[in-house]
Structure formats: C-alpha cells, structure tokens
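Enquirer: First the structure, which I've put down as structure tokens, then a few questions once you've had a look.
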Amino acid sequence: MQKILILLLILVLFLGVFQKKKQSQVCFGDYCFGVEISKSPIQKAKGLMFRDKLEENQGMLFVFEAEKKHSFWMKNVSFPLDIIWLGANKKVVFVSHDAQPCKDLKCLAIQPTTNAKYILEINGGLANKIGLKIGSQLIF
752 MQKILILLLI LVLFLGVFQK KKQSQVCFGD YCFGVEISKS PIQKAKGLMF RDKLEENQGM
812 LFVFEAEKKH SFWMKNVSFP LDIIWLGANK KVVFVSHDAQ PCKDLKCLAI QPTTNAKYIL
872 EINGGLANKI GLKIGSQLIF
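Residue numbers for the sequence shown, in this note's numbering: 752 to 891.
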C-alpha cells in the first residue's frame with residue numbers, strides 16, 4: 752500500500768511539473784500583459800477553454816513554428832476574446848474583435864486574411880480600449 756501511495760505522489764508531482772505553462776510578458780506601448788505561452792500541440796488545442804475568466808492584464812500567446820493562416824475557434828471558451836494575429840516581426844496583421852463564445856455544437860473557425868507566426872488572446876474589447884490595431888508593434 753505504501754509503494755502505491757509513493758508512486759501516486761511521484762505521478763502527481765511529475766504531471767504538475769509538465770503542466771505548468773511558461774509565463775512571459777507582451778507589451779504594447781505602456782500596457783503590458785502577463786501571458787501564458789502555448790507552444791505544444793496540446794497547449795494550443797486547449798488554449799483558454801474551460802476557464803471562467805481572464806484577468807484584464809493577462810492573456811495567452813500562441814507560438815507557431817511557421818507563418819501561415821492559423822485559424823482559431825471559440826469552442827468551450829466562456830467569455831469574449833480579442834484574438835490578435837502577429838507576423839514574425841511581431842506587428843499586428845489581423846484582429847478578431849470581441850469574438851464570442853461558441854454555444855452551438857458546430858463552431859465556426861475564425862480565419863485570418865494573412866499569415867501569422869504568433870497569436871495573442873486577450874479579453875474582448877481590450878484591443879480597442881488600448882488602441883491596438885493592424886500595424887501595431889508588440890514587444891516580447
């Protein structure tokens with residue numbers, strides 16, 4: 752019985768270490784977001800699903816190997832988001848303002864019109880509030 756408990760403890764610790772997402776910061780002018788970085792396929796697929804909220808100064812940054820037209824959807828997301836596509840130069844190339852949670856079984860993907868290497872998700876309406884638009888330079 753003691754061996755089983757030790758193995759379970761080791762398993763829990765092991766999973767805890769590998770489930771932590773890397774934290775970083777993305778800035779636009781004087782406004783900075785604390786962001787979780789999603790690089791792995793599993794992290795990218797989950798994104799902000801199953802969360803109740805996102806603090807105003809928080810976000811999620813998706814990092815892709817190559818620039819392409821990465822589509823996103825709002826399946827199992829419970830609050831509106833601004834989804835911001837960035838080129839390799841970290842300039843905004845496309846924005847989906849105030850994307851709404853998907854309440855249907857079939858969710859439509861949000862398709863950007865241009866290639867991007869990074870995608871930043873923040874609370875809906877915040878991009879307009881801070882003046883973030885196509886061509887804006889982000890620093891991270």
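Just so it is clear, CB atoms sit at the ideal spot from N, CA and C, and this is done for glycine as well.
How big is the Cα-Cα spacing for L727 and G780?
Expert: One cannot answer for residue 727 here, as it falls past the ends of the chain, which runs 752 to 891.
Enquirer: Can we say the segment 783 to 802 touches the segment 846 to 860, given the rule of at least three CB pairs closer than 8 Å?
Expert: no
Enquirer: Excluding the 5 residues preceding and the 5 following A817 in the sequence, name in chain order all residues of the same chain whose CB lies nearer than 8 Å to its CB.
Expert: Your numbering for residue 817 matches position 66 in the sequence shown. So the qualifying residues of the chain are K868.
Enquirer: Going along the chain, which residues of its own chain have a beta-carbon closer than 6 Å to the beta-carbon of L805, five neighbours each way excluded?
Expert: Here residue 805 corresponds to residue number 54 of the sequence shown, with the count starting at 1. Here the set comprises N874.
Enquirer: Buried or exposed, going by whether 16 or more other CB atoms sit within 10 Å of the CB of F765?
Expert: Looking up residue 765 in the sequence shown gives position 14. A caution first: F765 carries a pLDDT of 43, below 50, which makes its placement in the model unreliable, though a value can still be read off. Looking at its Cβ environment, which holds fewer than 16 other Cβ atoms inside 10 Å, F765 is exposed.
Enquirer: Between Q888 and the rest of its own chain, which residues show a CB-CB distance below 7 Å, the 5 nearest in sequence each way excluded?
Expert: Within the sequence shown, numbered from 1, the residue matching residue 888 stands at position 137. Once the five neighbours on either side are set aside, the close Cβ partners of Q888 are K841, K842.
Enquirer: Could you check the C-alpha separation between C778 and K797 for me, to the nearest Å?
Expert: Counting from one through the sequence shown, the residue named residue 778 turns up at place 27. Counting from one through the sequence shown, the residue named residue 797 turns up at place 46. Their backbone Cα atoms lie some 24 Å apart in a straight line.
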